[in-house]
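One structure below.
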Amino acid sequence: MQFGVNYLGHFLLTNLLLERIKVSAPARIVNLGSIAHIFGKIHFKDIHYERRYYSWQAYCDSKLAIALITESTGVTTYCVDPGACHTEIFRHLAKSRSIDYILNKCRGISYKSAKHGAESIVYCMTEPSIASESGYYYK
């Protein structure tokens, strides 16, 4: 589910709108990333996770895929990692040792509010000085 929601849906919507976005220049596409992309891997032989499904790995894989498509659209694009924000990200993840490990490591992290986390996204959407910096990953 994570790969479909976090990547395939965005990929499809972006591609359906891409020609209109191009003729609306200057336009920007801002993709929501996550540091979790460093744990991602694209499983081309099992892209739909029919063999094995681990919700956390699917999330990481989806964020890697988002980071990889950020440069390939032909319009100004950004991938933004808003950082650790107070959300319900773990609500659908199956309990596992890896999730427990991550949650234990995150205990000392000061989470941002959703509003504060959105600031970097809005910055990439509106800041004139970065208009020529397409394909960058922002944190």
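Okay, so the sequence shown: first residue is 51 according to this note's numbering, each after it adds one. We treat Cβ as the ideally placed atom computed from N, Cα and C, and that holds for glycine. The model shown is predicted, which means the values in this text are computed figures rather than measured ones.
What residue range is occupied by the uninterrupted alpha helix (DSSP H) comprising C174?
In the sequence shown, the residue the question calls residue 174 occupies position 124. Note, C174: alpha helix (DSSP H), 164-176.
Three Cβ pairs or more, each shorter than 8 Å: is that satisfied between the stretch 72-84 and the stretch 99-107?
no
What span of residues does the alpha helix (DSSP H) with I119 cover, start to end?
Working through the sequence shown from its first residue, we reach residue 119 at position 69. That run of the alpha helix (DSSP H) goes 105-119.
Give me the Cα-Cα distance between S184 and Y128, rounded to the nearest whole angstrom.
Your numbering for residue 184 matches position 134 in the sequence shown. Your numbering for residue 128 matches position 78 in the sequence shown. About 6 Å.
Whose C-alpha, out of Y57, A115, I171, E177, is nearest the C-alpha of F89?
Here residue 89 refers to the residue found at position 39 when the sequence shown is read from its first residue. Looking at the Cα atoms, A115 is the closest of the given residues.
For I79, which of helix, strand or coil comes out of DSSP?
Residue 79 sits at position 29 when you count from the first residue of the sequence shown. Of the three classes helix, strand and coil, the one that applies to I79 here is strand, per DSSP.
Does the beta-carbon of F53 have 16 or more other beta-carbons within 10 angstroms, so that it is buried, or is it exposed?
Locating residue 53 in the sequence shown gives position 3, where the first residue counts as 1. F53 is buried by the Cβ-count criterion.
Start-to-end residues for the beta strand (DSSP E) that takes in V55
Counting from 1 along the sequence shown, the entry for residue 55 is found at position 5. Neither: V55 is in no beta strand (DSSP E) and is coded neither H nor E.
Distance, Cα to Cα, Y186 vs Y103?
Taking the sequence shown and counting its residues from 1, one reaches residue 186 at position 136. Taking the sequence shown and counting its residues from 1, one reaches residue 103 at position 53. One C-alpha to the other measures close to 30 Å.
Would D96 be called buried (16 or more neighbouring beta carbons within 10 Å of its own) or exposed?
Against the sequence shown, residue 96 aligns to sequence position 46. Counting Cβ neighbours within 10 Å, D96 comes out exposed, since fewer than 16 surround it.
Taking Cβ to Cβ, would you say V130 is nearer than 8 Å to A77?
Stepping through the sequence shown from its first residue, residue 130 is reached at position 80. Stepping through the sequence shown from its first residue, residue 77 is reached at position 27. Result no, Cβ atoms of V130 and A77 do not sit closer than 8 Å.
Whole-angstrom distance between S112 and Y57, CA atom to CA atom
Stepping through the sequence shown from its first residue, residue 57 is reached at position 7. Stepping through the sequence shown from its first residue, residue 112 is reached at position 62. Whole-angstrom Cα-Cα distance: 5 Å.
What residue does the beta strand (DSSP E) around E129 start on, and which one ends it?
In the sequence shown, the residue the question calls residue 129 occupies position 79. The sequence as given places Cys at residue 129; Glu does not occur at that position. Unbroken beta strand (DSSP E) run through C129: 126-130.
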